[in-house]
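*Asks:* Structure incoming, see below.
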Amino acid sequence: MQRGLFANPAENAREPLTEGAVLLHGYANPRQDGLLAAVQEVSAAAPFRNMITPGGQRMSVAMTNCGDAGWFSDRRGYRYDPIDPTTAQPWPPMPDLFLNLATCAAAEAGFDAFRPDVCLINRYEPGTRLSLHQDKDERDFGAPIVSVSLGLPAVFLWGGLTRGDRPRRIRLESGDVVVWGGPARLVYHGIAPLADGDHPLTGRVRLNLTFRKAL
Ligand code: MD3
Ligand code: FE
5 MQRGLFANPA ENAREPLTEG AVLLHGYANP RQDGLLAAVQ EVSAAAPFRN MITPGGQRMS
65 VAMTNCGDAG WFSDRRGYRY DPIDPTTAQP WPPMPDLFLN LATCAAAEAG FDAFRPDVCL
125 INRYEPGTRL SLHQDKDERD FGAPIVSVSL GLPAVFLWGG LTRGDRPRRI RLESGDVVVW
185 GGPARLVYHG IAPLADGDHP LTGRVRLNLT FRKAL
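Numbering-wise (this note's numbering), the sequence shown opens with residue 5 and increments by one.
Rendered as structure tokens:
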């Protein structure tokens with residue numbers, strides 16, 4: 005079957021994590037330079053910024069978005085907004101390469117009709133972390149979330165359906181793609197403080213793209 009720019013992964017590169025979740029090891033590697041260039045294009049128009057939580061804390065992860073809307077947090081709460089509040093402009097359009105990657109990866113996991121309308125881009129530097137949370141600001145939890153990691157490796161914390169469940173630790177490396185759908189869609193998850201390092205693609209940075217059907 006023709007799947008566009010991304011090849012069918014070898015069986016040993018496909019790691020089922022649980023019902024609804026599959027890790028595609030290195031799936032994005034053939035296009036990592038193009039993906040990085042597209043991130044740079046997006047962030048030139050919508051700069052990375054450290055958002056403020058409703059509780060008044062500055063997030064250590066720097067974020068931007070592209071697509072029909074972007075995820076945003078400030079004192080008023082979390083939401084998706086078609087306008088970037090920092091630039092007062094629409095978020096940049098989703099690059100074709102992003103859309104192709106997200107739809108192909110979702111199809112590999114059995115989600116044939118996934119059409120993401122938002123890509124949230126997270127930037128981590130050594131020491132940056134993302135505490136355990138659920139992603140529930142999207143309208144339709146029937147759609148999966150596709151995540152793509154680039155640059156420095158991270159320890160992904162993957163809990164259960166309640167905050168108290170002790171999280172599993174999963175190493176995510178550059179090029180890894182994870183599709184989270186079905187019963188895995190509402191699990192608690194986070195990222196442990198990023199270890200220092202120097203990656204040939206990004207230097208002292210980890211980037212994560214999450215593709216969502218938010219609207
Ligand atoms: C499991 N990002 O942006 S990606 C996020 O690496 C987020 O930047 C992390 O959590 C990062 O919200 C983790 C893996 C991920 C993303 C979304 C999920 C796993 C998920 C949504 C539901 C279940
Ligand atoms: Fe999340």
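The beta-carbon is built from N, C-alpha and C at its ideal position, and this holds for glycine as well.
#1: Whole angstroms is fine: what's the gap from residue 67's alpha carbon to residue 116's?
#2: Taking 6 Å as the limit, tell me which residues put their C-beta closer than that to any heavy atom of the ligand FE, in chain order.
#3: Suppose you measure from the CA of residue 142 to the CA of residue 82; what does that come to, to the nearest Å?
#4: Around the Cβ of residue 6, are there at least 16 other Cβ atoms within 10 angstroms (buried) or fewer (exposed)?
#5: Tell whether a beta-carbon distance below 8 Å holds between residue 195 and residue 161.
#6: Can you tell me where the beta strand (DSSP E) with residue 151 in it begins and where it stops?
#7: Can we say the stretch 171-180 touches the stretch 189-205, given the rule of at least three CB pairs closer than 8 Å?
#8: Let me check you understand the geometry: is the CB of residue 188 closer than 7 Å to at least one non-hydrogen atom of the ligand MD3?
#9: Pick out whichever of 146, 152 and 191 has its Cα sitting closest to the Cα of residue 34.
#10: Let me confirm a value: residue 188 is counted as buried when at least 16 other C-beta atoms fall within 10 Å, else exposed. Which label applies?
#11: Would you kindly report the start and end of the unbroken beta strand (DSSP E) that includes residue 126?
#12: Is any heavy atom in the ligand MD3 found nearer than 7 Å to the beta carbon of residue 212?
#13: Less than 7 Å between the CB of residue 124 and some heavy atom of the ligand MD3, yes or no?
#14: In the stretch 6-93, which residue ranges form an unbroken alpha helix (DSSP H) of at least 4 residues, counting only runs that do not cross its ends?
#15: Leaving aside the five residues before and after residue 76 along the sequence, list all residues of the same chain whose C-beta is less than 7 Å from its C-beta, in chain order.
#16: Buried or exposed, going by whether 16 or more other CB atoms sit within 10 Å of the CB of residue 50?
#17: Please tell me whether, using a cut-off of 7 Å, the distance from the CB of residue 149 to the nearest non-hydrogen atom of the ligand MD3 is below it.
#18: What I want to know is whether the C-beta of residue 95 ends up closer than 7 Å to one or more non-hydrogen atoms of the ligand MD3.
*Replies:* In short:
#1: Taking the straight line joining both Cα atoms gives about 28 Å.
#2: Here the residues come out as 137, 139 and 193.
#3: One C-alpha to the other measures close to 11 Å.
#4: Its pLDDT being 42, under 50, residue 6 is placed unreliably in this model, and the value from its coordinates should be taken loosely. Residue 6 comes out exposed.
#5: Yes.
#6: Per DSSP, residue 151 belongs to the beta strand (DSSP E) from 149-155.
#7: The count of Cβ pairs closer than 8 Å, one atom from the stretch 171-180 and one from the stretch 189-205, reaches three, so the stretches are in contact.
#8: Result yes, Cβ under 7 Å from the ligand MD3.
#9: Each of 146, 152 and 191 was checked against the Cα of residue 34, and the nearest Cα belongs to 152.
#10: Its Cβ being crowded by 16 or more others within 10 Å, residue 188 is buried.
#11: For residue 126, the enclosing beta strand (DSSP E) covers residues 122-128.
#12: A heavy atom of the ligand MD3 is found nearer than 7 Å to the CB of residue 212.
#13: Yes, since a heavy atom of the ligand MD3 falls inside the 7 Å radius drawn around the Cβ of residue 124.
#14: 36-49, all fully within the stretch 6-93.
#15: Around residue 76: 55, 83, 85 and 89.
#16: Burial of residue 50 is indicated by the presence of at least 16 other C-beta atoms within 10 angstroms of its C-beta.
#17: Residue 149: yes, Cβ under 7 Å from the ligand MD3.
#18: The answer is no for residue 95.
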